[in-house]
Amino acid sequence: MNPAQPQQQPTISHEMVANLSQEQISSVLNAVRNMKAAGATEQTNQQYAQLMSLLRAYQAAQAQNQQRVQAAQGLAPYQQQHQLLQMQQQQQFHQLQQAQQQQLHQLQQQLPPGTPALPPTQGSPFTTDQLTDLRFQIIAFKLISANMAVPPHLQEAIFTPKSVEQALSVKEPTGSVAGRVVDIARHHLSEQTPTASDYNAYTSPFSYLQKTLPAAMHASRQQRLLIPSISPVGIDPYALAQERDNRVRARMKYRIEELDSLPSNIASETLDPSGGLLDQENKAPPPSGPKLKALIELKSLRLLERQKKLRAEIIKGMSKATMLATSTDRAAYRRMKKQSLREARMTEKLERQQRQDREGREKQKHMDYLQSIVNHGRDMIQWHRTQQMKQNKLGRLVIQFHAQVEKEEAKRIERISKERLKALKNDDEEAYMKLIDQAKDTRITHLLQQTDAYLTSLAEAVTAQQNDAVHADLITRGGIELMDDEGEFEYGDG
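The sequence shown: position 350 = 350 (the UniProt record's numbering), numbered continuously.
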């Protein structure tokens, strides 16, 4: 089965697990725990998801059984009123029996090989407890539809939740399922690769590797584990020291408890070398005995923490006492010098000289500041004068340039005029027109255009007159047409 492409899971209802025995539920629990230890989840393993759905359905069924027992006594009147409705509901439930049996058969095929088969449902797919719970729900629905209050015992029977552990613990024999699950888990852990000792906190990297891995699991990214280095990290000295301190403290605690448990009437006398008791009247009591030794040891153990603090303070004080004081407080070892009248006069003289020097430096600094301001003003005035001279010079050069350009332009116009007159005298029309174009004289161009237009119109008039029939006849006859005083034409020889 490929975890990357999970198939559609069949719906597991409460009816499919109503008649399951405790042995079957225990086997399902063992299979679920084994799959979970192997790293299976409901998203990557369809079989694991189906078994979890089966356990949830069994939990819901057990919760309904408990609710039915709690609410059975207060619902007798409602049960009598709805017996007819119960018969109608049972007829509808029988129609779903075939579909539920098919789902149960499909689930049995997907269970692990070691899991016993689920018992097939016989008769109605709902048990008596489930039908009673359904009737409770129908009664509550009718009351709510009629705008009536639901009794508290009915609400408790419908809405009281119950965990999986409580559901599995109902009617469980002395050897409960939980005990068997613990035994199976312990046996499963004993079969795994043994881990390293606790003192060095080292886990073998080979424990992360699974002994058997299906081929389909390689397609899932969740199964690609990052295995650490095979080389061990070694023993931690700080952990060893801490473990040693823990053992010493444990022994001290045990010894204190042992000394506290000693009887208070323990004998304090000791036997002399001859075997008799010491004479208490003639000799002093022995300096030590079992009772005194035990008391001294007990008080010593109880004063251990204070002794540690005292030793730490002594060490801290010794470190300060042996440290060279000049490195921390240099003024502590300075010797005070005696003052004399001569030294006082010299001090006053030096102080007066220093004050004069300081005042002179301040005055000189102020004078330098004022002189810098004056120099800056002088430099600024000189710079502006220089810039003004440059501007004046530039203006004169520009004026000279324009005057020169005007002279050259006048010479050029005069030269073109002379050449134009020369071309006009020589009757060179082409050269004359070119010179006019170079001169760009609009007045002369306009006059020439009007003259050309007048000559053109005159030529057209002459041509039109010559083409006239009357004048053409006179021209043919060689006569001259004259007009007399009465406005009549007279023709004569020409």
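From the three backbone atoms N, C-alpha and C, an ideal C-beta is built for every residue, glycine too. Bear in mind that the values here come from a model prediction, so they are computed numbers and not experimental data.
In the DSSP assignment, residue 350 falls within the unbroken alpha helix (DSSP H) covering 341-425.
Separation of residue 461 and residue 450 (C-alpha to C-alpha, rounded to the nearest whole angstrom) is 16 Å.
The three-state reading of DSSP puts residue 150 in coil, since its state is none of H, G, I, E or B. Residue 42 places its beta carbon 7 Å or farther from that of residue 31.
Membership of residue 239 in the alpha helix (DSSP H) is indicated by the continuous run 237-260. In the displayed model, residue 126 falls within coil according to three-state DSSP, outside both helix and strand. Judged by DSSP secondary structure, residue 452 falls within the alpha helix (DSSP H) whose first and last residues are 442-466. Residue 264: not part of any alpha helix (DSSP H); DSSP gives it neither H nor E. For residue 294, the enclosing alpha helix (DSSP H) begins and ends at 290-302. By the CB criterion at 7 Å, residue 129 and residue 62 fall outside the cutoff. Ranked by how close their Cα comes to the Cα of residue 133, the residues 152, 150, 142, 66 have 66 in first place. Between the alpha carbons of residue 238 and residue 316 lies a distance of about 24 Å. The continuous alpha helix (DSSP H) containing residue 33 extends over residues 22-37.
Within the same chain, and ignoring the five residues on either side of residue 143 in sequence, the residues whose Cβ sits closer than 6 Å to its Cβ are 150. Taken through DSSP and simplified to helix, strand or coil, residue 45 comes out as coil.
The beta carbon of residue 375 lies closer than 7 Å to none in the same chain, with the five residues before and after it left out. Look at residue 157 here: in three-state DSSP terms it is helix.
Spatial neighbours of residue 28 in its own chain (CB-CB distance under 7 Å, excluding positions within 5 residues in sequence) are listed in chain order as 51, 54, 55, 115.
When DSSP states are grouped into helix, strand and coil, residue 40 belongs to the coil group. Here the C-alpha atom of residue 388 lies approximately 12 Å from the C-alpha atom of residue 380. Restricting attention to 298, 294, 264, the CA atom closest to the CA of residue 253 is found in 298.
One thing to note: residue 136 has its Cβ within 7 Å of the Cβ of residue 158.
Listed in chain order, the non-local C-beta contacts of residue 445 below 7 Å within the same chain comprise 436, local neighbours out to five positions each way being set aside. The Cβ-Cβ distance between residue 256 and residue 303 does not fall below 7 Å. Rounded to whole angstroms, the separation of the alpha carbons of residue 307 and residue 242 is 20 Å. For residue 432, the enclosing alpha helix (DSSP H) begins and ends at 429-439. The distance from the Cβ of residue 413 to that of residue 439 is about 7 Å, consistent with a contact at the 8 Å cut-off. Residue environment analysis places residue 59 among the buried positions, since at least 16 neighbouring C-beta atoms fall within 10 angstroms of its C-beta. Taking 7 Å as the cut-off, the Cβ atoms of residue 259 and residue 312 do not count as close. Between residue 266 and residue 290, the C-beta gap is smaller than 7 Å, which places the two residues in contact. Residue 68 holds the alpha-carbon nearest to the alpha-carbon of residue 156 among 423, 68, 365, 459.
For residue 320, the secondary structure class from DSSP, reduced to helix, strand or coil, is helix.
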